[in-house]
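Those sequence lines, one after another, are chains A and B. Numbering of the first sequence is given in the numbering used here, commencing with residue 1061 and proceeding in unit increments. Numbering of the second sequence is given in the numbering used here, commencing with residue 2 and proceeding in unit increments. C-beta: ideal position from N, C-alpha, C; glycine also. Keep in mind the model is a prediction, meaning the values are calculated, not measured.
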Amino acid sequence: MVERIEDLNLPNAVIGRLIKEALPESASVSKEARAAIARAASVFAIFVTSSSTALAHKQNHKTITAKDILQTLTELDFESFVPSLTQDLEVYRKMVKDKKESKASKKDSSTTENANAIATAAAEVAAE
Amino acid sequence: MASEDLFEHEFSEEQDLELQQAMETEAEELGETEEPLDITEEAPESPEAEAPAEPIADRPVTNGNKAPSDHEAKMTQLPLARIRNIMKLDPDLHMANNEAVFIVAKAVELFIASLSRESYSYTAQSKKKTIQKRDVEMAISAVDSLMFLDGAMNF
Chain A
1061 MVERIEDLNL PNAVIGRLIK EALPESASVS KEARAAIARA ASVFAIFVTS
1111 SSTALAHKQN HKTITAKDIL QTLTELDFES FVPSLTQDLE VYRKMVKDKK
1161 ESKASKKDSS TTENANAIAT AAAEVAAE
Chain B
2 MASEDLFEHE FSEEQDLELQ QAMETEAEEL GETEEPLDIT EEAPESPEAE
52 APAEPIADRP VTNGNKAPSD HEAKMTQLPL ARIRNIMKLD PDLHMANNEA
102 VFIVAKAVEL FIASLSRESY SYTAQSKKKT IQKRDVEMAI SAVDSLMFLD
152 GAMNF
């Protein structure tokens, strides 16, 4: 839950870095311009979210998925983002999958005893 | 607003327990490398600590969530928790899965890059090197797809 309004701002340092990475090395950005871009970025996130929500509602599903976001971006004239995002999504999925697998195998080899103990405890709880 | 209901169960767990787990897991890892004997002491401890909040059977799942968040941190420069908070501002949002938050974060990064480049073209036009606020404003009013920012920028 958001407790302070600052929790909704994107971190300045990261915004600054992202801006610099996009520009030629000689370029720089004033504080006010950085703040404006940061605000635009937050508004963009809200805009994309609410458009995706509307899209998901229209299609009668409740959970917003990556596919909804990509479709929304196309509709909002940001289709140039889609190829790169599709690639990122593949990498992300692979990472999550690999992580799960390596976690599972690690558990098997190194902490079999722990796993057994937990399984036993879980079984006991289930029985109760 | 019932924020817990907005996102999938798995998701809010990650947020709620992130810090706690980071500490626990670190402790466990330290234990494994330095004093293997500690493992047997820690193992019964952790389920007890989490048991009141959720079923013990969930523990491996919640533990597993800590690791993907590490990877996500490397894959996006923007913090996903912050992006999620911004997304939650939408009162119509029921749920968004992890992938959706990730894609929004990545899209925002691309958005920042393209708005910066667009703004810089006006900076360069006036033979300057430093982007000023008016360059950003000019970029916003010139590009059709940035119409949504009209009126959202001055407060």
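Among E1161(A), D1168(A), T1113(A) and Y1152(A), the one whose alpha carbon lies nearest that of K107(B):
Y1152(A)
Only counting the same chain, and skipping five residues up and downstream in sequence, which positions put a Cβ closer than 6 Å to that of F1022(A)?
Lying outside 1061 to 1188, the shown extent of chain A, residue 1022(A) is not represented and no answer is given.
For D1130(A) versus S1102(A), is the C-beta spacing smaller than 8 Å?
In the sequence as presented, Asp is not what sits at residue 1130(A); that position holds Leu. No Cβ-Cβ contact shorter than 8 Å links L1130(A) with S1102(A).
Just by C-beta distance, which residues in the segment 111 to 126 of chain B are closer than 9 Å to chain A?
So the list reads L111, F112, I113, A114, S115, L116, S117, R118, S120, Y121, T124 and A125, given in the order they occur along the chain.
Kindly indicate which three-state DSSP category P53(B) falls into: helix, strand or coil?
Residue placement at P53(B) is poorly supported in this model, since its pLDDT is 43, which falls under 50; the coordinates still yield a value, given next. If DSSP states are grouped into helix, strand and coil, P53(B) belongs with coil.
Tell me whether S1162(A) is buried or exposed, calling it buried when 16 or more other Cβ atoms sit within 10 Å of its Cβ.
With fewer than 16 other Cβ atoms from the protein chains shown falling within 10 Å of its own Cβ, S1162(A) counts as exposed.
Return no unless some Cβ of chain A is closer than 8 Å to the Cβ of D136(B).
yes
Alpha carbon to alpha carbon, how far is I1097(A) from K1157(A)?
So the alpha carbons of these two residues sit roughly 34 Å apart.
Could you give the distance in angstroms between the alpha-carbon of N1072(A) and the alpha-carbon of A1164(A)?
Those two C-alpha atoms are separated by around 38 Å.
If you draw a straight line from the C-alpha of L1136(A) to the C-alpha of Y121(B), how long is it?
23 Å
For T131(B), write down the residues that DSSP places opposite it in a beta bridge.
S1088(A)
Pairing CB atoms from the segment 122 to 133 of chain B with CB atoms from the segment 1073 to 1090 of chain A, are three or more of them under 8 Å?
yes
Cβ of T1123(A) within 8 Å of Cβ of M96(B)?
Yes; because the gap between Cβ atoms is below 8 Å, this pair is in contact.
Would you verify that the beta carbon of K128(B) is, or is not, closer than 8 Å to some beta carbon of chain A?
Closer than 8 Å: no.
At the 8 Å Cβ level, is S157(B) part of the contact set with chain A, yes or no?
Residue 157(B) lies beyond the stretch modelled for chain B, which goes from 2 to 156, so this question has no answer here.
Output the distance between the C-alpha atoms of A1126(A) and P1143(A), rounded to the nearest integer angstrom.
Distance between the alpha carbons of A1126(A) and P1143(A) is about 13 Å.
So who's on the other strand from I1124(A), going by DSSP bridges?
A97(B)
If you measure between the beta carbons of T77(B) and F103(B), is that distance less than 8 Å?
yes
Short CB-CB distance (under 8 Å) between D1168(A) and chain B
no
Taking just the CA atoms, how far does A140(B) sit from M148(B)?
10 Å
Quick test of your reading: V137(B) and A1093(A), contact by CB under 8 Å. State the CB separation rounded to the nearest angstrom.
5 Å
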